[in-house]
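Working notes, structure below.
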Amino acid sequence: MTRPRWLDSEEKAAWNAFLEASHRVERRVEHHLREQEGLSHPQYEILVRLADEPEWQLRMTELAESLLTSKSGASYQIGKLEKAGLVYRSSCPGDDRGVFAVLTEEGMAKLRRVAPGHVELVRSSLIDLLSREQLAALTDGLDTVARGLED
1 MTRPRWLDSE EKAAWNAFLE ASHRVERRVE HHLREQEGLS HPQYEILVRL
51 ADEPEWQLRM TELAESLLTS KSGASYQIGK LEKAGLVYRS SCPGDDRGVF
101 AVLTEEGMAK LRRVAPGHVE LVRSSLIDLL SREQLAALTD GLDTVARGLE
151 D
């Protein structure tokens, strides 16, 4: 049996700082979106992903993959957004099992209203707290982690 490789003080400090910062940022973003805009963070991200597509639509499987969630998790959030009139589902032509999530005009209008406050919160909660050098190091480090954990 191999012995655990315990974290040294520098590694433990990095891990704890990551946990605290990521939880604080996520809590602030989630709270703002829910209280001010009536959206969850995943719902906001869905609107962003769909708005970035040329026809404001994306296959549900691709959407789930881009959000790093399950198909059922994406479907649940799409259901909530459908009830609000912000998206709808559409069949994929030529693929009876395929389904698109499609952003509505109302959904795009909501995103345009929400985005300025969201980006300001992202700035005040993370971006503007870091120097350009710190931001570059954070980006580099987290990109390395994301690539190392890809399926």
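Numbered per UniProt numbering, the sequence shown spans residues 1 to 151. No residue lacks a Cβ here, since even glycine has one placed at the ideal position from N, Cα and C.
- Taking 3 residues as the shortest admissible run, the UniProt domain "HTH marR-type" (11-147) contains the following complete beta strand (DSSP E) segments, listed from N- to C-terminal end: 57-59, 87-92 and 95-103.
- In this structure, the beta-carbon distance from residue 50 to residue 39 does not fall below 7 angstroms.
- For residue 29 and residue 2, the gap between their C-alpha atoms comes out near 41 angstroms.
- Contact between the segment 2-17 and the segment 64-83 is absent: fewer than 3 CB-CB pairs across the two stretches fall below 8 angstroms.
- One alpha carbon belongs to residue 16, the other to residue 48, and they sit about 30 angstroms apart.
- Residue 99 is positioned such that its CB atom lies closer than 7 angstroms to that of residue 60.
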